[in-house]
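With the numbering used here applied, the sequence shown covers 334 to 616. For glycine and all other residues, C-beta sits at the position ideal for the given N, C-alpha and C. Remarks on the structure that follows.
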Amino acid sequence: MTSATITVGNDLTVNRLGFGAMRLTGKGVWGPPADRDECLRVLRRAVELGVNFIDTANSYGPYVSEELIREALHPYDGVVVATKAGLLRTGPDQWPVLGYPAYLRQECEMSLRRLGVDTIDLFQLHRIDDKFPAEDQVGELLALQQEGKIRHIGLSEVDADQLEAARAVAPIVSVQNMYNLTVRSAEPVLEACEAQGIAFIPWFPLAAGPLAAADGPLQRIAADHGATPSQLALAWLLKRSPVMLPIPGTSKVAHLEENVAAGQIELSDAEFDTLSNAGATQS
Numbered sequence: 334m335t336s337a338t339i340t341v342g343n344d345l346t347v348n349r350l351g352f353g354a355m356r357l358t359g360k361g362v363w364g365p366p367a368d369r370d371e372c373l374r375v376l377r378r379a380v381e382l383g384v385n386f387i388d389t390a391n392s393y394g395p396y397v398s399e400e401l402i403r404e405a406l407h408p409y410d411g412v413v414v415a416t417k418a419g420l421l422r423t424g425p426d427q428w429p430v431l432g433y434p435a436y437l438r439q440e441c442e443m444s445l446r447r448l449g450v451d452t453i454d455l456f457q458l459h460r461i462d463d464k465f466p467a468e469d470q471v472g473e474l475l476a477l478q479q480e481g482k483i484r485h486i487g488l489s490e491v492d493a494d495q496l497e498a499a500r501a502v503a504p505i506v507s508v509q510n511m512y513n514l515t516v517r518s519a520e521p522v523l524e525a526c527e528a529q530g531i532a533f534i535p536w537f538p539l540a541a542g543p544l545a546a547a548d549g550p551l552q553r554i555a556a557d558h559g560a561t562p563s564q565l566a567l568a569w570l571l572k573r574s575p576v577m578l579p580i581p582g583t584s585k586v587a588h589l590e591e592n593v594a595a596g597q598i599e600l601s602d603a604e605f606d607t608l609s610n611a612g613a614t615q616s
């Protein structure tokens, strides 16, 4: 892997291509995966390839993803495992938001047990729940941090104003929003992260839509690099910002290896601009 590194929270230096563990579950992100052994192989192979940032959540499965990560990788040995809380699971593809502070504390305690650690490296608020004051939700994570149960605090799906408000309550080291070549509505919060040195973790990083068509710009430039359109979409993210930490996910080793290889692709400024302009027309 040659995608360089990023330091999260001043003390966790990781390679800039991570792994998102949501897909290590059943259909609808519900229940166990169809091929459990392959999912364990994916996790172990990711670390072999130099991936040392694994992103998960208590809601993936629920619990399934965290349990697989522990089975495959514990005691982690230099691998940063980030998890999240703030969503309930009431069935396949169902994600009610719950940011009640006592619930966030409970889920932190349960994630500690499932992952088999005393401290979670990065604990992220999966969503801000508008039913409760945001400062109470972030404040509960701050209390857990002060108790030594969380090393660093992150947020997910926030705007720049919410990030600023949260930073008034507690140190925030990461933001995880949907962002890719064709979906860039999170640009303002990305810019805020750049200004503050906060890691930006784009989820759903591979979406390219029509850009990946046989005669589209992704395919043409990918051919020049002997790469796939998906690899090029990841290379674009890595070049877009030094605070970018993409976490492409998969349940197949072959797909994992393809994703990780994207870290070796270096786009020229002209190629980056071509893709940026093409992506903007699709957003």
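Buried or exposed for H407, going by 16 or more other Cβ atoms inside 10 Å?
exposed
Worksheet entry | Reduced DSSP category for H459 - H, G, I as helix; E, B as strand; rest coil | coil
Indicate whether at least one CB of chain B lies closer than 9 angstroms to the CB of G481. Of the protein chains in this structure there is only one, and it is not chain B.
**Study point:** I377, enclosing alpha helix (DSSP H) - first and last residue
**Key:** A quick correction: the sequence has Arg, not Ile, at residue 377. Taken as a continuous stretch (DSSP letters only), the alpha helix (DSSP H) holding R377 covers 369 to 381.
(request) Consult DSSP for M443 and reduce its assignment to one of helix, strand or coil. (result) helix
Only counting runs of 3 or more residues, tell me where the beta strand (DSSP E) segments fall wholly within the stretch 459 to 536, in order along the chain.
483 to 489, 507 to 511, 532 to 536
Cβ-Cβ distance between L600 and L551 below 9 angstroms: no
*Neighbour-count burial assignment, D548, 16 or more Cβ in a 10 Å radius*: exposed
Let me check understanding here. Comparing Cα to Cα, which of I461, P395, A555, A560 lies closest to N510? I461
Three or more C-beta pairs closer than 8 angstroms, one from the stretch 384 to 402 and one from the stretch 410 to 419: is that the case here?
yes
For the putative contact between C441 and I483, defined by C-beta atoms under 8 angstroms, what is the C-beta separation to the nearest angstrom? 7 angstroms
Notebook entry, point to check: With burial defined as no fewer than 16 other Cβ atoms inside 10 Å of the residue's Cβ, what is the status of G582: buried or exposed?
Noted result: buried
query: Going along the chain, which residues of its own chain have a beta-carbon closer than 6 angstroms to the beta-carbon of K572, five neighbours each way excluded?
result: L600, F605
| query | Do you know offhand how far A595's Cα is from I387's? | reply | 17 angstroms
Just the C-alpha distance for L421 and A390, rounded to the nearest angstrom, thanks. 11 angstroms
Can you give me the C-alpha to C-alpha distance between Q597 and P579, rounded to a whole angstrom? 14 angstroms
| query | Going by other Cβ atoms of all chains shown within 10 Å of its Cβ, with 16 needed for buried, is E473 buried or exposed? | reply | buried
**Request:** Would you decide whether T561 is buried or exposed? Buried here means 16 or more other CB atoms lie within 10 Å of its CB.
**Result:** buried
- Query: Any contact of the stretch 483 to 500 with the stretch 516 to 530, i.e. 3+ C-beta pairs under 8 angstroms?
  - Reply: yes
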